[in-house]
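K.L.:
Protein chains in written order, with the working numbering: chain E, 365 to 610; chain W, 4 to 286. Here a beta-carbon is modelled for each residue, glycine too, at the ideal position from N, C-alpha and C. Note that the structure is a prediction, hence the values are computed from the model and not measured. Let me give you the structure first, and then I'll get to my questions.
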Amino acid sequence: MKTFVRYLPLLLLAIAWEATARLGLVSSLALPALSAVAGAWLELVQDKDFWLNAGASLYRASAGLFLAIVIGAILGIAMAWWRPLNILLGSIVEMFYPMPKSALIPVTALWLGFGDGSKILLIFLGCMLPVTLGAFNGARSSDRTLVWSSRSMGASRLRVLWDVVIPSAMPELLNGIRTALALSFILLVTSEQIVSRQGLGYLIGYLGANGSYDAMFAVVMTVAFLGFAADRVYQILMQRALAWRD
Amino acid sequence: MARLSDQPSARPDAAVLLDRPIGGALRAAGFVFTRGLGIIILLVVWEALARSGMFTAFLLPTFSATLERIWNDALSGELLGNLGVTLYRAVAGFAIATVLGIVLGTLMSRLGVIRWFFDPIISVGFPMPKIAFLPIVILWLGFYDVPKISMVAIEAVFPVVTATMIGIQGVERELIWSARNMGANGREVVFHVVVPAAFPQIMTGLQVALPIALIVAIVTEMLMGGYGVGGAMINASRLADSRGVFAGIVEIAVIGFFMVKGMALLRRRMLLWHQEALEPTTV
């Protein structure tokens, strides 16, 4: 009951949407009824093409994100661990962190063409910096006394890195990955809409150009929902992983 | 939080450096040099790689050729026009998001009904890739500036709303009570106590929203074409004009850098009264 009251506004919005379309307040071209969109979605799901496009998008996002997390985390912790690397890369990270990563879309297309490679490279480059910065800030802020006491109790430098620095970097690192996750969806959809022959973003553009707006709305809602669901699932996993903290 | 006493010399502050005229200036120059060392090396490596012949000029034009291109665009007035259009869209959307976000955030924390209605919308909408809605926005609002500015505002409003709410929730009760006690009415409490006290948090939200505004302005230009830095880059890419593409990247990197730095400076100016103003900024 409590959840129902909480999410009631969303239901009200859905009803208002259906009503506006049904009553003809706006043309069905501008706003297809929610029921029509749902119908189009059911049709889409039975189509093999939809799954091919979704698979392509999923593959690109997960490959790029995986590379970004692994390389970004290693780089961030290394920067906190070894000062020369920090001096060398610090300013580059600082310069590129605020840069809109979507600026790289044309370059990656120039380098690797219209296929999977350019999207994976784009997502990797775009998502790496939030992960790096999270890992760096987390590792740098690890408690000095913890490091010192483990050193004085005879732990080697590597041991300290593994048992003290990395665990204490975890919360910020995981937060950085969350930013990267949201970013990967944005980069994926835009790059697929701009330069692609496959993927959910491409499907949105294709359906829109063909004038089948109810199907386009269905794909847009699917992408939006996937982004939302990915974030929620990640949040739950993150809370699990950080359950040791008080 | 006793951060002030924790880090007496965490960062050589510009004011301290300028204490002694000559030595200070030299040290400031050295400071800028070490801070910018990575960038300088990156640019040198770029130039060297491009000249070494490992890559064709199509894949990687030299940095000098890219700079020349930017210079030529600047002379022809194209650069200023495109930059102006992009900045106008980003800043207009950001301004709308700022006003809307602070008003909505304040109303949501003061009025139960508004909170009930918008809370699920914000919490579901925040993590969504809202850029996917661009085709729908185009369908409704047409081309040119309006759909782009709207898209920027839609994306940028979420961090402002959540930051405002968090900030207002954190305002100390005693402040509100004493203001009330001294005879302030509801409106005065909001405008003179609650919003100013929540301002550090709101500012953080704005600092998150500004880069988002720039990103979305450029992305919408790329998706829709036309004027603007994003549109110019996508055109260059279609014409296989790689110098144009790299010129766009350099321009965008520089604008983004100055926007974020400017915002951090503004924060320090506006929040001089707040203790965290003296903290070293990370970004």
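1) What residue from E/Leu374, E/Lys412, E/Ile484, E/Val529 has the CA that sits closest to E/Asn501's CA?
2) Quick one: which residues of the region 213-224 of chain W get their C-beta closer than 8 Å to a C-beta of chain E? List them in chain order.
3) Quick check: the Cα distance between W/Ala200 and W/Leu217, rounded to an integer number of angstroms?
4) Where W/Ile252 and W/Glu224 are concerned, what is the direct C-alpha to C-alpha distance, given to the nearest angstrom?
5) Quick check on W/Phe260 - is its C-beta less than 7 Å from some C-beta in chain E?
6) Alpha carbon to alpha carbon, how far is E/Leu406 from E/Val597?
7) Closer than 7 Å between beta carbons: that is the criterion. Which residues of the region 136-147 of chain W meet it against chain E?
8) Is it the case that the Cβ atoms of E/Gly481 and W/Met131 are separated by a distance below 7 Å?
9) Any beta carbon from chain W within less than 7 Å of E/Met463's own beta carbon?
10) Under 6 Å from any heavy atom of the ligand ADP, does the C-beta of W/Leu242 make it?
11) Using a C-beta to C-beta distance shorter than 7 Å, which residues of chain W count as neighbours of E/Gly572?
12) Interface residues of chain E around W/Pro119 at Cβ under 9 Å?
13) E/Asp595 CB to nearest chain W CB: under 7 Å?
14) What is the residue span of the alpha helix (DSSP H) that W/Glu177 lies within?
15) For W/Ala159 and W/Ser245, I'd like the C-alpha separation in whole angstroms.
16) State the DSSP-derived secondary structure class of W/Asp9, mapped to helix, strand or coil.
17) Using C-beta distances below 7 Å, list every residue in its chain close to W/Ala250, excluding the 5 sequence neighbours before and after it, in chain order.
18) Excluding five sequence neighbours on each side, which residues of the same chain lie with their C-beta closer than 6 Å to the C-beta of E/Ala444?
19) Determine the closest residue to E/Leu522 out of E/Val390, E/Glu382, E/Ile441, E/Leu408, with distance taken between C-alpha atoms.
20) In chain order, which continuous runs of the alpha helix (DSSP H) of length 4 or greater are located wholly inside the region 432-469 of chain E?
21) Quick one: is E/Pro448 buried, meaning 16 or more other Cβ sit within 10 Å of its Cβ, or exposed?
22) In this structure, does DSSP put W/Leu20 in helix, strand or coil?
23) Please list, in chain order, all residues of the same chain as W/Gln204 whose beta carbon is under 6 Å from its beta carbon, the five residues on each side excluded.
24) Does DSSP put W/Thr65 in a helix, in a strand, or in coil?
25) On the criterion of 16 or more Cβ atoms from any shown chain inside 10 Å, does E/Asp578 qualify as buried, or is it exposed?
P.N.:
If we stick to the structure as given:
1) E/Val529
2) Pro214, Leu217, Ile218, Ile221, Val222
3) 28 Å
4) 14 Å
5) yes
6) 24 Å
7) Phe136, Pro138, Ile139, Leu142, Trp143
8) no
9) yes
10) The ligand content of the structure shown is nil, which means the ligand ADP is not present either.
11) Pro138
12) First, the residue type needs correcting, since residue 119 of chain W is Trp and not Pro in the sequence shown. Those are Val369, Arg370, Leu372, Pro373, listed as they occur along chain E.
13) yes
14) 176-184
15) 31 Å
16) Confidence is the limiting factor: at W/Asp9 the pLDDT is only 38, short of 50, which leaves the residue's position unreliable and the question unanswerable from this model.
17) Thr69, Arg72, Ile73, Asp76
18) Phe500, Ala503, Arg504
19) E/Ile441
20) 447-460
21) exposed
22) Any answer about W/Leu20 is weak, because its pLDDT of 43 lies below 50 and its placement is not dependable; what the coordinates show is given next. Note: W/Leu20 maps to helix in three-state DSSP.
23) Ala166, Ile169, Gly170
24) coil
25) buried
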